[in-house]
Amino acid sequence: MRAVIPISSVRKSDIQLVGGKGASLGELITARVVVPPGFVVTTEAYRAFVEYNDLAPLISKLERREGDPLMLGQRIRTVMLKGEMPPDVARELEKAGGSLRGKWLAVRSSATYEDSPEFSFAGVHETFLGVPGDSYVDYVRKVWASNFEDRAITYKLDRGVPPSRVLMAVVVQELVSADAAGVMFTLDPRNGDRSVVVIESSWGLGEAVVSGEVTPDRFVVSKVTGEVIKREVSYYKNRAYLLREGKVEKVEVNNERAAQPSLTDEQVLRLADYGVKLEKYFGHAVDVEWAVASGDAYILQSRPETVWSTRKREGVERSGDVIKDIVDTLLTFKLK
Amino acid sequence: MSEARFPFPDELKLPENVDPDTYKRMYLYYRLPSSILFGGAPPKELLEFERRQFWFQDAMHHYDVMYPLDDIHPTYWSIALSSYNSRIFVVPPANGIAHRLVNGYLYITPIPVLDEGEIKKRLEYFQRRAGYYYQNWIDIYEKYWKPEAEKIIREMEELQFRDLPQYEDEEVVTRHMGISPSAYGLVENWLRLLQLELKLWWKHFEMLNLGYAAYLLFYQFLKEKFPDIPDQHIALMVAGIDVILFKPDLELRRLAKLAVELGVDQKIASFNDAYEMERALSNDGDVKVQQWLAEWNNAKYPWFYYTTGIGFYHHEPRWIDDLNIPFGFLKDYMAKVRRGEPLETATERLRAQRDEIANKYAELLSPEDRKAFYEYLNIARRVFPYVEEHNFYVEHWGHTVFYRKIREVASILKGHGFIEDVDDIFYMNWWEVYQALLDIVASWAVVMPEVGRHYWPQEIRRRKEMLAKLKEFRPPPALGKPPEVITEPFTIMLWGVTKDRVEDWLGTAGAAGKVIKGFPASPGVVEGRATVVFTVEELDKVKEGDILVCPNTSPAWGPVFAKVKAVVSDIGGLMAHAAIVAREYGVPAVVGTGNASRVIKDGQRVRVDGYKGVVEILD
């Protein structure tokens, strides 16, 4: 049994072991980008717990709708929160937790079935941010238990998803105390230019950029030559979300710092390299969330870019005769 | 666009201490603003024309006041460029470029074709005529253009200017020549020199605007497909690998490497003066020294016929006339070779990857667009050698010969006491030189006192004083009312004059702006001390690590570029020399700022952002 897998060795094909979210992280690893360090508590650990605490009969009762499903759910949850951890699982969790002492974590559900095209499970299971490293196992239990929260049970039964088949893996990752963070596109979202990677960045956690509260710095990197070809440093990065004691805090940034570039060229190029790798791996343009902490760059999430990628690319109008094309150019030439 | 405008040509008065009559005499009459030529009441037709047009100062080529004889270049290029556009190829939207000499400076204005019907009519001509050139481009350039340009230069070189003898040779009689050949030849050769120069200017423009137009097609296509593509990448894809314009610099590098290989570099570097070096080496018994010296002498023709300026002024030093210029560069290169540093610039290495860069862009296109991409790349590459190289033939090689010949004539005038120094001839225009030669010939024939000896020294003193005063005048970047849209393609392409630029000029012309905008010409961001340089003579005040701020630069400033951290210029577009050279040397550059050299003061700290095209004054 493997109760715990380090994120760095997760692969996409491990979906049955690490669940949907875990498998996406596995894809990022396969694409050779760096993600925040951590591990996945596997579905095998979950299964071992269920077996050790003899929860299978209760779950199958729930599945057959024998009795009040929500009452059953509560009984299962209580066991998940208070029941005894199988000794081998406990040992592995203990060992894995050793590196996390004193750190702040994100503990996320990663069920099988989750993120499958048919069922989004959006917001059904629990995610905990700012978990102290010392007590992460309690939160693993909470995530397991969330498989049997009222809304989770209702969601599954309503859609004919058998609860016994939804196995809960848990992604445990260090929260990145970002010095700067933001988004990245492997094309220019303003004009669809596919020869560039565009990075928007501001101080602190990515929330500042994603929420649109600041005007971020904007860096453009040429995929062709691998150089930074444009830097637009914004003077208006005067708000930031910072991680303090595991909690997100909104702070004001002084004017002098607000006007400084939030990334070095080296960091910009590192991120762009990750973007290109992801685009190649997925075979389409991507829209990425990233963070930089203590000089290291991390990819937090990668989604397909949908706006320009789905648009039909129009060909330039051409006469088929180069000289006619030259004349047209002369007649219509305007330079910005 | 607001109602804001620049002064009209007639509103810009000559400085008070400048005598309008002297000013008027100096230039060809039709190049003067009508208010100067006609005084208070210029003909309506001319005044209206001048006020209707939007003029900008051509600081890119004519950064200094116009010396009467140097004004031959713009006089001729206006004719040559314009006639190709309007009468030969019949470029549909563009006629020629008109000139006015305002307060000593050259202002130019493109004459666009606006009438749709006329444009349509011109299309037919243009397609046929330009089409012929595009189809036969390489043949025309290699088999006709180059040999003809060289022929013109050779004919110039062969022109002989000799002072008149006491009596003509006997053979004038025995061969019943029917003229006085010394007198006739002196006058005729002057006129031939002028005509050859005019012809050379026609060669200059024979293929230039067509070349730009083809480049423009590729440029526009890429800008549409890849709106973020830097101009530099477009230029890299079409740039030639082996360009004649860079050959002089390459020759010096070759000579530097050779010197180190032969082990004679220390000996060469021990001389402070190039001429002293040549004298000493020629008496040196060492075979290796002789081998190197032979290579040095071989490289001179034509590669040292190279100007350190833009090629339009007599005062721009040319290598062959001052061997200490190439010798200084050579010493720098030898030192680098000895230290084991590479002589190649970053851009030269990139040029070697031009196919790789092109293919990477092509891969990002749809199959249909990819086909067009390669077609356009092809034609752009076909025309580009001409675009990059014509300057060597005309401005460098040709004009070096032209100026040497003018100085031969000047020696004759000096001998007759018409001028005090050889270079005083540049204060006379070319018809005045013709008159002076007739004066000499007439006085010789009649045997009577020459008038010029009494007339020219005084007149030239007046003109020198006046031009010195006009040099202090800083011309506004433009004159007249900016048009709603600037569409004349060559103006935009070559001079970088766009609506945005003009608005920047208007915005910063009065106030001492802290932020100056221009074209991002070469990437990078640096801060440093600004050194403002208006003329080539001031170049030696540039120190290692300075930021060069100037009206314009030229590629031939060559290794001086290795010294500076960044370049900022007033004028320049995509194809400006400043932009090309800055990229060549890998230093950040912002060109086409309009007035940076007037706003920035010597010694100020500035930040140059070659990505955004912004220069910020930090002090």
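Respectively, the protein sequence lines represent chains L and D. Counting in the working numbering, the first sequence runs from 180 upward without gaps. Counting in the working numbering, the second sequence runs from 21 upward without gaps. Ideal Cβ placement from N, Cα and C applies to all residues, glycine included.
* Where does V316/L land, buried or exposed, given buried means 16+ other C-beta within 10 angstroms? -> Taking the first sequence and counting its residues from 1, the one referred to as residue 316/L is at position 137. Burial call: buried.
* Go ahead and pull the three-state DSSP assignment for D466/L. => By 1-based counting over the first sequence, the position of residue 466/L is 287. Strand.
* When DSSP labels each residue in this structure, what does F347/D get in the three-state scheme? -> Position 327 of the second sequence, counting from 1, holds the residue named residue 347/D. If DSSP states are grouped into helix, strand and coil, F347/D belongs with the helices.
* What residue does the beta strand (DSSP E) around S288/L start on, and which one ends it? -> What you label residue 288/L is simply residue 109 of the first sequence in a count that begins at 1. Secondary structure note for S288/L: its beta strand (DSSP E) is the uninterrupted segment W283 to A290.
* Asked: If you check the beta carbons only, do E305/L and V322/L fall under 8 Å apart?
  -> Residue 305/L sits at position 126 when you count from the first residue of the first sequence. Residue 322/L sits at position 143 when you count from the first residue of the first sequence. Cβ distance < 8 Å, so E305/L and V322/L count as in contact.
* **Listed by chain order, chain D residues near L410/L by CB distance under 9 Å** => Here residue 410/L is taken as the residue at index 231 of the first sequence, counted from 1. Checking the sequence shown, residue 410/L turns out to be Arg, not Leu. Ordered by position in chain D, the residues that pass the 9 Å Cβ test against R410/L are V545, D629, Y631 and K632.
* chain D within 8 Å of S498/L, Cβ atoms only -> Taking the first sequence and counting its residues from 1, one reaches residue 498/L at position 319. So no, S498/L is outside the interface.
* Is the shortest distance between the beta-carbon of F246/D and the beta-carbons of chain A less than 8 Å? -> Although the question refers to chain A, the structure presented lacks it and instead comprises the protein chains L and D.
* Asked: Name the DSSP bridge partner or partners of Q480/L?
  -> In the first sequence, counting from the first residue as 1, residue 480/L sits at position 301. According to DSSP, Q480/L shares a beta bridge with E468/L.
* Whose C-beta lies closer than 7 Å to the C-beta of L249/L among residues of the same chain, with five residues either side of it excluded? -> As a position in the first sequence, residue 249/L is number 70, starting the count at 1. D329 and I332, listed in sequence order.
* Mind checking whether V403/L and K391/D have CB atoms under 8 Å apart? -> The residue labelled residue 403/L in the question sits at position 224 within the first sequence. The residue labelled residue 391/D in the question sits at position 371 within the second sequence. V403/L places its beta carbon 8 Å or farther from that of K391/D.
* To do: Can you have a look at F417/L and say buried or exposed, based on whether 16 or more other CB atoms are within 10 angstroms of its CB?
  => Here residue 417/L corresponds to residue number 238 of the first sequence, with the count starting at 1. A small correction: the amino acid at residue 417/L is Asn; Phe does not occupy that position in the sequence shown. Per the 10 Å Cβ criterion, buried.
* Is the number of C-beta pairs between the stretch 396-411 of chain L and the stretch 446-454 of chain L that are closer than 8 Å three or more? -> They touch, by the three-pair rule.
* Starting from I502/L, find everything on chain D with Cβ-Cβ shorter than 7 Å and list it in chain order. => Taking the first residue of the first sequence as 1, we reach residue 502/L at position 323. Within chain D, the residues near I502/L are Q147, A150, G151 and Y154.
* L421/L lies in the beta strand (DSSP E); which residues open and close that run? -> The residue you call residue 421/L lines up with position 242 of the first sequence. That run of the beta strand (DSSP E) goes R418 to R423.
* Three-pair Cβ contact test at 8 Å for the stretch 313-326 of chain D versus the stretch 76-84 of chain D -> no
* Asked: For R436/L, which of Y415/L, K426/L, R497/L and A472/L has the nearest alpha-carbon?
  -> As a working note, residue 436/L is residue 257 in the first sequence. The option with the nearest alpha carbon to R436/L is Y415/L.
* Complete beta strand (DSSP E) runs within the stretch 353-432 of chain L (minimum length 3 residues, chain order) -> 359-364, 375-382, 396-401, 407-411, 418-423 and 426-431
* Around the C-beta of H410/D, are 16 or more other C-beta atoms found within 10 angstroms, so that it is buried, or is it exposed? -> Start at 1 with the first residue of the second sequence, and residue 410/D comes out as number 390. Burial call: buried.
* To do: Tell whether a beta-carbon distance below 8 Å holds between A348/L and Y225/L.
  => Taking the first sequence and counting its residues from 1, the one referred to as residue 348/L is at position 169. Taking the first sequence and counting its residues from 1, the one referred to as residue 225/L is at position 46. Yes, the Cβ-Cβ distance between A348/L and Y225/L is below 8 Å.
* the stretch 471-486 of chain D contacting the stretch 32-45 of chain D, beta-carbon criterion three pairs below 8 Å -> As far as the Cβ criterion goes, the stretch 471-486 of chain D touches the stretch 32-45 of chain D, which means the pair count is three or higher.
* Spatial distance of S188/L from D475/L (CA atoms) -> As a first step, residue 188/L is located in the first sequence; it is residue number 9 there, counting from the start. As a first step, residue 475/L is located in the first sequence; it is residue number 296 there, counting from the start. S188/L and D475/L: Cα-Cα distance of roughly 19 Å.
* To do: Using only alpha-carbon positions, find the residue among V584/D, L179/D, R521/D and G548/D that is nearest to V16/D.
  => Residue 16/D lies beyond the stretch modelled for chain D, which goes from 21 to 639, so this question has no answer here.
* Distance between beta carbons of V284/D and W312/D, contact taken as under 8 Å -> What you label residue 312/D is simply residue 292 of the second sequence in a count that begins at 1. What you label residue 284/D is simply residue 264 of the second sequence in a count that begins at 1. About 5 Å; that satisfies the 8 Å criterion.
* Asked: Using a beta-carbon distance below 8 Å, is A541/D in contact with chain L?
  -> What you label residue 541/D is simply residue 521 of the second sequence in a count that begins at 1. No, because no Cβ of chain L sits closer than 8 Å to the Cβ of A541/D.
* Contact set between D372/L and chain D, taken where Cβ atoms lie within less than 7 Å -> Taking the first residue of the first sequence as 1, we reach residue 372/L at position 193. Correct list: F246, P247 and D248.
* Asked: For S290/D, is the classification buried or exposed, using 16 other Cβ atoms within 10 angstroms of its Cβ as the cut-off for buried?
  -> Residue 290/D sits at position 270 when you count from the first residue of the second sequence. By the Cβ-count criterion, S290/D is exposed, with fewer than 16 other Cβ atoms from all chains shown falling within 10 Å of its own Cβ.
* **Buried or exposed by the 16-neighbour rule on C-beta atoms within 10 Å, applied to K219/D** => For the purposes of this step, residue 219/D is identified with residue 199 of the second sequence, where counting begins at 1. Note on K219/D: 16 or more other CB atoms within 10 angstroms of its CB, so buried under the neighbour-count rule.
* Per-residue burial, V407/L [other beta carbons within 10 Å of its own, 16 or more giving buried] -> Here residue 407/L refers to the residue found at position 228 of the first sequence. Answer is buried; the Cβ neighbour count reaches 16.
* Asked: Given that a residue counts as buried once 16 or more other Cβ atoms are within 10 Å of its Cβ, and exposed if not, what is E223/L?
  -> Within the first sequence, numbered from 1, the residue matching residue 223/L stands at position 44. Buried.
* Got a sec: is the Cβ-Cβ distance from S505/L to anything in chain D below 8 Å? -> The residue given as residue 505/L occupies position 326 in the first sequence. Note that residue 505/L is Ile in the sequence shown, not Ser. Closer than 8 Å to some Cβ of chain D, the Cβ of I505/L qualifies, so yes.
* Under the rule that 16 or more other beta-carbon atoms within 10 Å means buried, what is N449/D, buried or exposed? -> Residue 449/D sits at position 429 when you count from the first residue of the second sequence. Buried, because 16 or more other Cβ atoms sit within 10 Å of the Cβ of N449/D.
* Element boundaries [beta strand (DSSP E), containing G17/D] -> The structure shown does not extend to residue 17/D, since chain D is modelled only from 21 to 639, so the question has no answer here.
* L308/L lies in the beta strand (DSSP E); which residues open and close that run? -> Locating residue 308/L in the first sequence gives position 129, where the first residue counts as 1. That run of the beta strand (DSSP E) goes T306 to P311.
* Asked: So, V516/L versus V197/L, is the Cβ gap smaller than 8 Å?
  -> Because chain L here runs from 180 to 515, residue 516/L falls outside it and cannot be looked at.
* What is the rounded straight-line gap between the Cα of E415/D and the Cα of D248/D? -> Locating residue 415/D in the second sequence gives position 395, where the first residue counts as 1. Locating residue 248/D in the second sequence gives position 228, where the first residue counts as 1. Between E415/D and D248/D, the C-alpha separation is close to 34 Å.
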